[in-house]
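Numbering (this note's numbering), first residue to last: 10 to 168.
Below is the structure:
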């Protein structure tokens, strides 16, 4: 009985790990019921850009098989595109950029994040998806870029 109560608590905890507010799709990855989740989010400070991030969501069956209830793999991917005019007025132009997305992948200490870095020299906005783990670091990454027009670069340099 205690085993079932622990499993129920684990499932409830995982359900609270992340929200699916920006979810645009999901599909089964294998016969265990593991899924690939796809979420969309607008860049909070650059209104002309939308990004899609995908990540892995383990099924209850896989969690039982693996014995690790509280985390998903750190794999993720990001793709960003222009959907309108771009203004860099509110964006951080520092070398480390800004974190603009964060999705919990475990009950403690593991997240998938997306960071934006502005590269005016190459007329681009760079988005980097990475995992953040206390023990294993951020070894799994993906990158996407959005091209800036000469006018957008000039406006960013002027202002």
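C-beta: ideal position from N, C-alpha, C; glycine also.
On the three-state DSSP scale, how would you describe residue i?
| i | result |
| --- | --- |
| residue 173 | With the chain running from 10 to 168 in the structure shown, residue 173 is simply not present. |
| residue 54 | coil |
| residue 43 | coil |
| residue 15 | Any reading at residue 15 must be qualified, since the residue scores a pLDDT of 37, below 50, and its modelled position is unreliable; the value itself is stated next. Of the three classes helix, strand and coil, the one that applies to residue 15 here is helix, per DSSP. |
Which first and last residues belong to the beta strand (DSSP E) in which residue i is found?
| i | result |
| --- | --- |
| residue 98 | No beta strand (DSSP E) contains residue 98, which DSSP labels as neither H nor E. |
| residue 85 | 85-91 |
Can you name the start and end residues of the alpha helix (DSSP H) that residue i belongs to?
| i | result |
| --- | --- |
| residue 161 | 159-167 |
Under 8 Å by Cβ, that's how I've got residue i and residue j pegged, so tell me the actual separation to the nearest angstrom.
| i | j | result |
| --- | --- | --- |
| residue 123 | residue 140 | Not really, about 11 Å apart at Cβ, beyond 8 Å. |
| residue 59 | residue 109 | In fact, because the Cβ distance is near 11 Å, the residues do not count as touching under 8 Å. |
| residue 89 | residue 155 | 5 Å |
| residue 138 | residue 150 | 6 Å |
| residue 160 | residue 100 | With a Cβ gap of about 16 Å, residue 160 and residue 100 do not count as contacting. |
| residue 44 | residue 62 | With 8 Å as the limit, residue 44 and residue 62 do not qualify as a contact, their Cβ atoms being about 14 Å apart. |
| residue 87 | residue 133 | In fact, because the Cβ distance is near 14 Å, the residues do not count as touching under 8 Å. |
Per DSSP, what are the beta-bridge partners of residue i in this structure?
| i | result |
| --- | --- |
| residue 48 | 32, 62 |
| residue 138 | 123, 151 |
| residue 128 | 133 |
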